[in-house]
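Here's the structure we're looking at; comments come further down.
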Ligand code: NAD
């Protein structure tokens, strides 16, 4: 098997066909609020109720969403490669749980998770599916000091040491539905390219880091990714983008 260790980075674009709005879409929650107000710690300090409500809205709307063909293709890739003794590591910038609901394993959420709360007082994090507020109580220390378990702009993403090891050990890097402007995730392709690993991008249009990729597969990930995965599993080779259906 040529590609035994595959590192996959996913962004908001992989969930777009499930109806989860991407960062810069014209509809949806993101468009109605300024990033500084809902995705920075300063915004949370200024107006915690607004921030709780923003993520409550996303958390509730996520309940009606389903994984799409791209999420399912990644699960298939992960399962088949695992059966052959390899490893597909999924690193996601997404805070939704659609990879998990597609039955993918060991998903690394570098920007946190919507269905989780974090206690600012004692650092406990726990699964949470309801609505949070400034009076939500930590089940561990009982302080009313809960925040959404989201990595905001200016904060350090989770699991960076583990991610670095995955990037250094992989023999193929795949980025799906990410605009390539939010760092450090946008820099992953440069690390892999510097180590001469093939790097593939799946996006509607070339991303900001497009020049670093070996191949770009342009189109909806729900169409391009299943075709790519089937080809890879059948031929143990990378499909040439111009032969996409
Ligand atoms: P982004 O919104 O900046 O970029 C999304 C990218 O996906 C764009 O380049 C777009 O062209 C592409 N895209 C859109 N639809 C696609 C499709 N059907 N197939 C393939 N590509 C498609 O997202 P980002 O790069 O992930 O960065 C934004 C930040 O916002 C992330 O850190 C993330 O945490 C957060 N975010 C998460 C979600 C989520 O959890 N689903 C949604 C919005 C934003």
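Residue numbers (this note's numbering): 139 to 383.
Built from N, CA and C at the ideal position, the CB exists for glycine as well.
In the structure shown, what three-state DSSP assignment does residue 172 receive?
To locate residue 172, count along the chain shown from 1; it is residue 34. Residue 172: coil per DSSP, three-state reduction.
Can you tell me which of 359, 353, 219, 373 puts its alpha carbon nearest to the alpha carbon of residue 380?
Working through the chain shown from its first residue, we reach residue 380 at position 242. The option with the nearest alpha carbon to residue 380 is 353.
Relative to the C-alpha of residue 235, which residue among 267, 298, 272, 375 is closest?
Here the question's residue 235 lines up with position 97 in the chain shown. Of the candidates 267, 298, 272, 375, the one whose C-alpha sits nearest the C-alpha of residue 235 is 267.
DSSP on residue 377, reduced to helix/strand/coil?
What you label residue 377 is simply residue 239 of the chain shown in a count that begins at 1. Three-state result, residue 377: coil.
So, do the segment 293-302 and the segment 245-255 have three or more beta carbon pairs nearer to each other than 8 Å?
The segment 293-302 vs the segment 245-255: in contact.
Note down, in chain order, each residue of its chain lying with its Cβ closer than 7 Å to the Cβ of residue 276, except the 5 sequence neighbours on either side.
As a working mapping, residue 276 is identified with position 138 in the chain shown. Closer than 7 Å at the Cβ level, and outside the excluded window around residue 276, lie 257, 259, 260, 262, 283, 284.
Report the rounded CA-to-CA distance for residue 374 versus residue 242, giving the unit in angstroms.
Here residue 374 corresponds to residue number 236 of the chain shown, with the count starting at 1. Here residue 242 corresponds to residue number 104 of the chain shown, with the count starting at 1. Distance between the alpha carbons of residue 374 and residue 242: 21 Å.
Whether or not the segment 177-197 and the segment 206-226 are in contact is what I'm after, with contact meaning three or more pairs of Cβ atoms, one per stretch, closer than 8 Å; do they touch?
They do not touch, by the three-pair rule.
Taking residue 199 as part of the alpha helix (DSSP H), name the residues at either end of that continuous run.
Along the chain shown, read from residue 1 onward, the residue named residue 199 stands at position 61. Note, residue 199: alpha helix (DSSP H), 186-200.
Should the segment 165-182 be called in touch with the segment 342-352, which here means at least 3 C-beta pairs below 8 Å?
The answer is no - the segment 342-352 does not touch the segment 165-182, with fewer than three Cβ pairs under 8 Å.
Out of 176, 301, 252, 219, which one is the CA nearest neighbour of residue 292?
As a working mapping, residue 292 is identified with position 154 in the chain shown. Of 176, 301, 252, 219, the residue nearest in Cα terms is 176.
Within 10 Å of its beta-carbon, does residue 140 have 16 or more other beta-carbons around it, so buried, or fewer, so exposed?
Counting from 1 along the chain shown, the entry for residue 140 is found at position 2. When all chains shown are included, residue 140 counts as exposed.
If residue 314 sits next to residue 359, beta carbons under 8 Å apart, how far is it from one beta carbon to the other, in whole angstroms?
Locating residue 314 in the chain shown gives position 176, counting from the first residue. Locating residue 359 in the chain shown gives position 221, counting from the first residue. So it is a contact: roughly 5 Å between Cβ atoms.
Please list the terminal residues of the continuous beta strand (DSSP E) segment that includes residue 311.
As a position in the chain shown, residue 311 is number 173, starting the count at 1. Where residue 311 is concerned, the enclosing beta strand (DSSP E) stretches over 310-314.
Mind checking residue 279: buried by the 16 CB within 10 Å criterion, or exposed?
Counting from 1 along the chain shown, the entry for residue 279 is found at position 141. Looking at its Cβ environment, which holds fewer than 16 other Cβ atoms inside 10 Å, residue 279 is exposed.
Tell me whether residue 335 is buried or exposed, calling it buried when 16 or more other Cβ atoms sit within 10 Å of its Cβ.
On the chain shown, position 197 is the one that residue 335 refers to. Classification for residue 335: buried.
How big is the Cα-Cα spacing for residue 214 and residue 307?
Mapped onto the chain shown, residue 214 falls at position 76. Mapped onto the chain shown, residue 307 falls at position 169. Spanning the two alpha carbons is a distance of roughly 21 Å.
Keeping to the same chain, check which residues put their C-beta closer than 8 Å to that of residue 265; ignore five residues upstream and five downstream.
Numbered from 1 along the chain shown, position 127 holds the residue referred to as residue 265. Only 253, 254 meet the Cβ criterion.
Might you give, ordered along the chain, the residues of its own chain that have their beta carbon closer than 7 Å to the beta carbon of residue 362, omitting 5 neighbours on each side?
Mapped onto the chain shown, residue 362 falls at position 224. Taken in chain order, the residues that qualify are 340, 355, 382.
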